[in-house]
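**Q** Please read through the structure below; I'll follow up with questions.
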Amino acid sequence: MGFNINQIRSDFPILQQQVYNKPLIYLDNGATTQKPRVVIDTVRDLQETQNSSIHRGIHYLSEQMTGRYESARETVRAFLNAASTQEIIFTSGATGSINTVAFSFGEKYVKSGDEILISEMEHHSNIVPWQMLCERKGAILKVIPFNDNGELNLEKLDELLTDKTRIVALTHASNSLATINPVKEVIRKAHARGIPVLLDGAQMVQHGEVDVRELDCDFYVFSSHKIFGPTGSGVLYGKEAMLEELPPYQGGGDMVDQVRFDGTSYNSLPFKFEAGTTNYTGAIGLAAALDYLQSIGFQAIGQYEKKLSSYTLEKLGEIQGLKIYGNAPDRISVFSFLLDGIHTYDAAMILDKMGIAVRTGTHCTQPVMDHFGIEGTIRASLVFYNTMEEVDALVIGIQRTKEMLS
Ligand code: PLP
2 MGFNINQIRS
12 DFPILQQQVY
22 NKPLIYLDNG
32 ATTQKPRVVI
42 DTVRDLQETQ
52 NSSIHRGIHY
62 LSEQMTGRYE
72 SARETVRAFL
82 NAASTQEIIF
92 TSGATGSINT
102 VAFSFGEKYV
112 KSGDEILISE
122 MEHHSNIVPW
132 QMLCERKGAI
142 LKVIPFNDNG
152 ELNLEKLDEL
162 LTDKTRIVAL
172 THASNSLATI
182 NPVKEVIRKA
192 HARGIPVLLD
202 GAQMVQHGEV
212 DVRELDCDFY
222 VFSSHKIFGP
232 TGSGVLYGKE
242 AMLEELPPYQ
252 GGGDMVDQVR
262 FDGTSYNSLP
272 FKFEAGTTNY
282 TGAIGLAAAL
292 DYLQSIGFQA
302 IGQYEKKLSS
312 YTLEKLGEIQ
322 GLKIYGNAPD
332 RISVFSFLLD
342 GIHTYDAAMI
352 LDKMGIAVRT
362 GTHCTQPVMD
372 HFGIEGTIRA
382 SLVFYNTMEE
392 VDALVIGIQR
402 TKEMLS
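Numbering of the sequence shown is given in my numbering, commencing with residue 2 and proceeding in unit increments.
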């Protein structure tokens, strides 16, 4: 299909609407992304013509739906370049995936006095499940700090990786600082000590290609709704040898082989981790989103976003009294900022009335805000359907906000 921004924008029905009689400028993609028509149609079509519970029927509809679900798994495998579909588990989202690993890995490998290593820039979803694990097991949570540019302190990493570290859980890209972390280096250092690494890709997959085999990560997680797919669905990738060793997270239908009152045996991978009726329409909708991205081309998307990102940085940089939080050179197109003397909510409310959707608050990264001693930021997060004209509108909106409030 190639990269044609007008064509791309027309693929997203929601972007065509006006709010307060102004064209919608949606810059809250870090929270959730909009859906192309093909995803909306796929999910509606499934409900209208094919709905049936998967894996449990030999009738026509069930077989059709099962086929599409398993083919969605293959689409995700290819997207991540995983070695096999056994390694792709459908979950409720990045949060569901991290909780699965924190529980299952924790049950098997973590005991009192062990250490779990995360970073200071994690989303709450990659903090709290590990804290809960530490509470259950008497383990200790350790934290890799970042500097004022929002870059991980890798020297500290060397000190923090110890014989007691059981797992490193790190975000691939930060949702509030925009930093793309040097994950390959972290993985290399952790693996040199035999420590597995989980990467939180919730903010990465929608911005660039991810190859789990090239990264050599042990687990990779992401959410469908942040990559133009339906809500309530997500992915946990895990190396097969690792997943084989882990106990299931939840019990229920489909994840079992034989169930007797005196004991139960579990299903093989990946079903061992998919208890109950899964969100099969979500998984198939996710595959439709990935196919759509593939038809545009991940490289073309990446190149466009790079230009959009440099343009945004340049334009925001020209605004007096605007301070950007997160200045790592390797970044996604997310911009957290504050306006001198202006409350974030006031600014966001004024921008909203101009049709510009941004987010304010801590972005579920309270420790990041604590690092800078601030309560929150305004965040504009862009993806490949955003335009330079929208960035210009944001800049004008910020200038007007300043005029009105100062
Ligand atoms: N990790 C990061 C870096 C995120 O930005 C988010 C959501 O904003 C999550 C995890 C959690 O994603 P979800 O709420 O879709 O499970």
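Glycine is no exception: its CB is placed at the ideal position from the N, C-alpha and C atoms.
Grab the span of the beta strand (DSSP E) containing residue 211 for me, first residue to last.
**A** Counting along the chain, residue 211 falls outside any beta strand (DSSP E), and DSSP gives it neither H nor E.
**Q** Please confirm whether any heavy atom of the ligand PLP lies closer than 6 Å to the CB of residue 280.
**A** no
**Q** Are the stretch 358–367 and the stretch 162–171 in contact at 8 Å, needing three or more beta carbon pairs?
**A** The answer is no - the stretch 162–171 does not touch the stretch 358–367, with fewer than three Cβ pairs under 8 Å.
**Q** Measuring from the CB of residue 95, is there a heavy atom of the ligand PLP at a distance below 6 Å?
**A** At least one heavy atom of the ligand PLP is nearer than 6 Å to the Cβ of residue 95, so yes.
**Q** Apart from the five residues just before and just after residue 219, which ones in its own chain have a Cβ nearer than 6 Å to its Cβ?
**A** Cβ within range, chain order: 197, 198, 240 and 243.
**Q** Beta carbon of residue 67: closer than 6 Å to some heavy atom of the ligand PLP?
**A** no
**Q** Short check: CB of residue 155 to CB of residue 182, under 7 Å?
**A** no
**Q** How would you write the range of the beta strand (DSSP E) that residue 143 sits in, first residue to last?
**A** 141–145
**Q** By the 10 Å Cβ neighbour count, where 16 or more other Cβ atoms means buried, how is residue 66 classified, buried or exposed?
**A** buried
**Q** Which residue from 121, 10 and 34 puts its Cα closest to that of residue 149?
**A** Looking from the CA of residue 149, the closest CA among 121, 10 and 34 belongs to 121.
**Q** At a cut-off of 6 Å, is residue 172 close to the ligand PLP when judged by its beta-carbon and the heavy atoms of the ligand?
**A** Within the cutoff, so yes.
**Q** What are the boundary residues of the beta strand (DSSP E) that residue 238 is part of?
**A** 235–239
**Q** What I want to know is whether the C-beta of residue 176 ends up closer than 6 Å to one or more non-hydrogen atoms of the ligand PLP.
**A** yes
**Q** For a test of the three-state rule: what should DSSP assign to residue 4, helix, strand or coil?
**A** coil
**Q** Quick check on DSSP: helix, strand or coil for residue 1?
**A** In this structure the chain extends from 2 to 407, so residue 1 is not present and cannot be described.
**Q** Taking Cβ to Cβ, would you say residue 411 is nearer than 7 Å to residue 369?
**A** Because the chain spans 2 through 407 in this model, residue 411 falls outside it and cannot be assessed.
**Q** Whose C-beta lies closer than 8 Å to the C-beta of residue 192 among residues of the same chain, with five residues either side of it excluded?
**A** 198 and 217
**Q** Assuming residue 271 contacts residue 18 under a Cβ cut-off of 8 Å, what Cβ separation, rounded to an integer in Å, is found between them?
**A** Wrong, their Cβ atoms sit about 38 Å apart, outside the cutoff.
**Q** At the level of alpha carbons, what is the spacing between residue 98 and residue 39?
**A** 26 Å
**Q** Return the chain-ordered list of same chain residues with a C-beta closer than 6 Å to the C-beta of residue 78, the five sequence neighbours on each side being excluded.
**A** 86 and 89
**Q** For residue 204 versus residue 174, is the C-beta spacing smaller than 7 Å?
**A** yes
**Q** Could you tell me if residue 27 is buried or exposed, where buried requires 16 or more neighbouring beta carbons within 10 angstroms of its beta carbon?
**A** buried
**Q** DSSP three-state label for residue 158, please.
**A** helix
**Q** Per DSSP, residue 24 forms a beta bridge with which residues?
**A** In DSSP, residue 24 forms a bridge with 19.
**Q** For residue 62, I'd like the list of residues in its chain whose CB is within less than 8 Å of its CB, leaving aside the five on either flank, ordered along the chain.
**A** 51, 52 and 53
**Q** Between the C-alpha atoms of residue 24 and residue 126, what's the straight-line distance to the nearest angstrom?
**A** 33 Å
**Q** Between the stretch 127–138 and the stretch 314–326, are three or more C-beta pairs nearer than 8 Å?
**A** no
**Q** Whose C-beta lies closer than 8 Å to the C-beta of residue 268 among residues of the same chain, with five residues either side of it excluded?
**A** 255, 256, 257 and 258
**Q** Going straight from the alpha carbon of residue 301 to that of residue 184, what length do you get?
**A** 23 Å
**Q** Whose C-alpha, out of 163, 214, 34 and 4, is nearest the C-alpha of residue 14?
**A** 34
**Q** Nearest by alpha-carbon distance to residue 338: which of 332, 318 and 330 is it?
**A** Checked all of 332, 318 and 330; the closest Cα to residue 338 is 318.
**Q** Just how far apart, CA to CA, sit residue 306 and residue 139?
**A** Between the alpha carbons of residue 306 and residue 139 lies a distance of about 44 Å.
**Q** Can residue 108 and residue 248 be called in contact, C-beta distance under 7 Å?
**A** yes
**Q** Looking at the structure shown, is residue 390 part of a helix, part of a strand, or coil, going by DSSP?
**A** helix
**Q** Cβ of residue 288 within 7 Å of Cβ of residue 73?
**A** yes
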